[in-house]
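Visitor:
Numbering (my numbering), first residue to last: 177 to 872.
1) Along the chain, which unbroken stretches of the beta strand (DSSP E) at least 3 residues long are found entirely within the segment 519–587?
2) Are the CB atoms of residue 305 and residue 404 within a distance shorter than 8 Å?
3) Check whether the Cβ atoms of residue 479 and residue 618 sit closer than 8 Å, and answer yes or no.
4) Report yes if the C-beta distance between residue 440 and residue 388 is below 8 Å; otherwise report no.
5) For residue 349, which residues does DSSP report across the bridge?
6) From this set, 332, 334, 315 and 333, which residue's C-alpha is nearest residue 325's C-alpha?
7) Let's see if you can read the secondary structure: which residues bound the beta strand (DSSP E) around residue 515?
8) Tell me which same chain residues have a C-beta within less than 7 Å of the C-beta of residue 539, skipping the five on either side of it?
9) Measuring CA to CA, which of 406, 381, 433 and 415 is closest to residue 400?
10) Under 8 Å Cβ to Cβ from residue 512, same chain only, skipping five residues before and after it: list those, please.
11) Would you please state the rounded distance, in angstroms, between the beta carbons of residue 350 and residue 333? I believe it to be under 8 Å.
12) Going by the beta-carbon positions, is the gap between residue 702 and residue 492 smaller than 8 Å?
13) Helix, strand or coil, according to DSSP, for residue 184 in the structure here?
14) Determine the contact status of residue 431 and residue 771, defining contact as a CB-CB distance below 8 Å.
15) Taking the alpha-carbon positions, what's the residue 610 to residue 503 distance?
16) Can you say whether residue 841 is buried or exposed, counting buried as having 16 or more other CB atoms within 10 angstroms of its CB?
17) In angstroms with no decimal places, state the Cα-to-Cα distance between residue 384 and residue 321.
18) So the beta strand (DSSP E) residue 403 belongs to, where does it begin and stop?
19) For the candidate residues 721, 580 and 667, whose alpha-carbon lies nearest to that of residue 517?
20) Taking the alpha-carbon of residue 529 as reference, which of 563, 568, 561 and 583 has the nearest alpha-carbon?
21) Taking the alpha carbon of residue 345 as the point to measure from, which residue in 307, 562 and 500 has its own alpha carbon closest?
22) Indicate whether residue 577 and residue 537 have their beta-carbon atoms separated by less than 8 Å.
23) Between 699, 450 and 197, which has its C-alpha nearest residue 522's C-alpha?
24) Taking Cβ to Cβ, would you say residue 545 is nearer than 8 Å to residue 567?
25) Report back the beta-carbon spacing between residue 456 and residue 462 to the nearest angstrom; my notes put them in contact at under 8 Å.
26) Pick helix, strand or coil for residue 490, following the three-state DSSP scheme.
27) Using only CA atoms, which one of 329, 348, 331 and 330 lies nearest to residue 338?
28) Where do the ends of the beta strand (DSSP E) carrying residue 715 lie?
29) Does DSSP put residue 829 in a helix, in a strand, or in coil?
30) With DSSP as the reference, identify every bridge partner of residue 325, one or two as the case may be.
31) Give a yes or no on whether the C-beta atoms belonging to residue 823 and residue 605 are separated by under 8 Å.
32) Check whether the segment 743–751 touches the segment 642–652, counting contact only when three or more Cβ pairs, one atom from each stretch, lie closer than 8 Å.
33) If the criterion is Cβ atoms closer than 8 Å, does the pair residue 684 and residue 643 meet it?
34) Residues in the same chain with beta-carbon distance under 6 Å from residue 442, minus the five sequence neighbours each way, listed in chain order, please.
35) Which whole runs of the beta strand (DSSP E) in the segment 274–306 are 3 residues long or more, in chain order?
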């Protein structure tokens, strides 16, 4: 409509034929009281024609053809085609015109590439010739303080999609991409249960088997041959994605002036299911990680990074993954420093499916996936059935395997000794001294065990009471292995804070004992064993965090210094909008110190020694050795302490043989019960009543 109405939608004299102005003619507004005296007869006639165009179109699909019993005729309105791009000009004479062809060609074809050319997008060229185009970002934080321009490259495929015939196969390096590849948004996340039920938020919530992507975050002010920090995400090898801590990575990259890389890897049954042989060898998620590390080794120079200055780190399953890379021959030379936060190969939750146990899990899952009994018994058919099942069905059914089989299958599949990624068990490799990297940080938190009590207590405000009746159930949580009464009494003795409590018959709350035992069982003592063994050949720095933060990962007031809580201080999350008003100045200063420990370690292999251009000083963090097993306690004053030596001795040296002995006793009792019976007169009958006498 080029006709300028007497009245316009915006009530502005200079508006012309403005946005929405045709509406008064389409719907007959010019005949209403508000406009009837303000419009010309010419406009009213124009409105009648316009209304008939719309009415005709509604009734016949053609603005020229009237509906039944409508005798109105209107000027012809030609159909718009690719060959004849003609318009009806809504005006009193209803002429036909050609409109804005030159201008729209400019807007569509000329302007976008011109804007791209004028806008400097960061670009890098990979070793295989692929050109990546990234995005420019900024980090501005007055509290840290840090102000930095960042070049980010998101969603870079590092492997061929592990779909179709590549399901359950080791990852293949990605073929060169079509250039330029726009690395401007994070890639799809790997198949997993709903992460929000575990308190996790994914930047990209789209789930797919085609999920092997990585992100590279590069500060513009970085030095030549910059240090590189590679983050391996946690989530029990079941949930999570590389970009879960994206905002924190930007802050950490800017503050440390280092490149940060994060990536996805296959999870759950699609990443860790195994038959413990060549059919489904397992460890696919770890092999994905290893391929990502190789990609970084080959390509990080293109981003300004130094492949000889790589540190890898992770929390929980990410920490255990880092530890596995220190053990795997295939990861040799891919990193120099390793940071392990609450996760090791010796943790109770890290499953090692071997032999018939592995086969049983696969067969049970196959049955739930509706594979036929014949298919399940024959390897080739079993694999074919598993290859054809929908990816979603694996995620939906893997938990049902644990429900059907019970312990140890309550825990989902995880790493295994496959002879390739992991040639031997962790203890054997460490005792042989075959470790990758040179310097390690290994640590856990003060109340790791609260994570495992969440399944029992929904109230996040009131500290739970765990009485003597419920205590065995609580101690057996997560793996479904309720300890023997003798073990329960020992746990009470070892973990009681005040010895007076041991003789207090009225005391019936063992919350502290349960938290500490579960934390030691699942995280603390496994990390202690790993750190102690590693310190024989590597430089090891141990930490714990006993400080209780204002905000915790689980959003529970009674969680204490819980699993993963140190992360907010390590990556500077306390300076982000989400936490900045919820944390104290003391915590922010604690975070600065913690960040500098981590930055120093990345750059020099020693948390005490700053990198070039860094004038920050931090309290001394002594090296952990077999002779001096000292820890840095991440608290505002950063004191050094000795931690959990007695408890971990109990967990490593006392508890395993005690459990074995009790198991053998139960077997003997069961056997004797089967071989004897008692008569009504109270007499024992049966061979167990009269054991054969043996010569001395």
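Idealized CB from N, CA, C, for every residue including glycine.
Guide: From the atom records:
1) none
2) Within the chain shown, numbered from 1, the residue matching residue 404 stands at position 228. Within the chain shown, numbered from 1, the residue matching residue 305 stands at position 129. Going by C-beta atoms, residue 404 is not nearer than 8 Å to residue 305.
3) If you number the chain shown from 1, residue 479 lands on position 303. If you number the chain shown from 1, residue 618 lands on position 442. No. Outside cutoff.
4) One-based indexing of the chain shown puts residue 440 at position 264. One-based indexing of the chain shown puts residue 388 at position 212. Contact: yes.
5) The count along the chain shown starts at 1 and reaches residue 349 at position 173. Paired residue(s): 335.
6) Within the chain shown, residue 325 is the residue found at index 149, counting from 1. Residue 315 is the option with its Cα nearest to residue 325.
7) Position 339 of the chain shown holds residue 515. Here the beta strand (DSSP E) through residue 515 covers 513–517.
8) Here the question's residue 539 lines up with position 363 in the chain shown. Taken in chain order, the residues that qualify are 552.
9) Within the chain shown, numbered from 1, the residue matching residue 400 stands at position 224. Residue 433 is the option with its Cα nearest to residue 400.
10) Position 336 of the chain shown, counted from the first residue, corresponds to residue 512. Excluding positions up to five away in sequence, the list reads 484, 485, 486, 487, 613, 614, 615 and 781.
11) The count along the chain shown starts at 1 and reaches residue 350 at position 174. The count along the chain shown starts at 1 and reaches residue 333 at position 157. So it is a contact: roughly 5 Å between Cβ atoms.
12) As a first step, residue 702 is located in the chain shown; it is residue number 526 there, counting from the start. As a first step, residue 492 is located in the chain shown; it is residue number 316 there, counting from the start. It is not a contact, given that the beta carbons lie outside the stated cut-off.
13) If you number the chain shown from 1, residue 184 lands on position 8. Reduced to three states, the DSSP call for residue 184 is coil.
14) Here the question's residue 431 lines up with position 255 in the chain shown. Here the question's residue 771 lines up with position 595 in the chain shown. Going by C-beta atoms, residue 431 is nearer than 8 Å to residue 771.
15) Counted from its first residue, the chain shown places residue 610 at position 434. Counted from its first residue, the chain shown places residue 503 at position 327. Answer to the nearest angstrom: the Cα atoms are 7 Å apart.
16) On the chain shown, position 665 is the one that residue 841 refers to. Only exposed fits residue 841, as fewer than 16 other CB atoms lie within 10 angstroms of its CB.
17) Counting from one through the chain shown, the residue named residue 384 turns up at place 208. Counting from one through the chain shown, the residue named residue 321 turns up at place 145. Approximately 39 Å, taken between the alpha carbons.
18) As a first step, residue 403 is located in the chain shown; it is residue number 227 there, counting from the start. Unbroken beta strand (DSSP E) run through residue 403: 402–408.
19) Along the chain shown, read from residue 1 onward, the residue named residue 517 stands at position 341. Residue 721 is the option with its Cα nearest to residue 517.
20) Counting from one through the chain shown, the residue named residue 529 turns up at place 353. The option with the nearest alpha carbon to residue 529 is 583.
21) Position 169 of the chain shown, counting from 1, holds the residue named residue 345. Here the closest residue by C-alpha is 562.
22) Working through the chain shown from its first residue, we reach residue 577 at position 401. Working through the chain shown from its first residue, we reach residue 537 at position 361. Going by C-beta atoms, residue 577 is nearer than 8 Å to residue 537.
23) To locate residue 522, count along the chain shown from 1; it is residue 346. Of 699, 450 and 197, the residue nearest in Cα terms is 699.
24) Numbered from its first residue, the chain shown carries residue 545 at position 369. Numbered from its first residue, the chain shown carries residue 567 at position 391. Contact: no.
25) Translated into positions along the chain shown, residue 456 becomes position 280. Translated into positions along the chain shown, residue 462 becomes position 286. For a cut-off of 8 Å, the C-beta gap from residue 456 to residue 462 is around 14 Å, too long to register as a contact.
26) The count along the chain shown starts at 1 and reaches residue 490 at position 314. Note: residue 490 maps to strand in three-state DSSP.
27) For this step, residue 338 is matched to residue 162 along the chain shown. It is 348 whose Cα lies nearest to the Cα of residue 338.
28) The residue you call residue 715 lines up with position 539 of the chain shown. Per DSSP, the continuous beta strand (DSSP E) segment holding residue 715 begins and ends at 715–721.
29) Numbered from 1 along the chain shown, position 653 holds the residue referred to as residue 829. Helix.
30) Translated into the one-based positions of the chain shown, residue 325 becomes position 149. 314, per the DSSP bridge assignment.
31) Along the chain shown, read from residue 1 onward, the residue named residue 823 stands at position 647. Along the chain shown, read from residue 1 onward, the residue named residue 605 stands at position 429. Contact flag unset, no.
32) no
33) Numbered from its first residue, the chain shown carries residue 684 at position 508. Numbered from its first residue, the chain shown carries residue 643 at position 467. Yes. Within cutoff.
34) Numbered from 1 along the chain shown, position 266 holds the residue referred to as residue 442. Here the set comprises 366, 460, 461 and 464.
35) The qualifying runs are 299–301.
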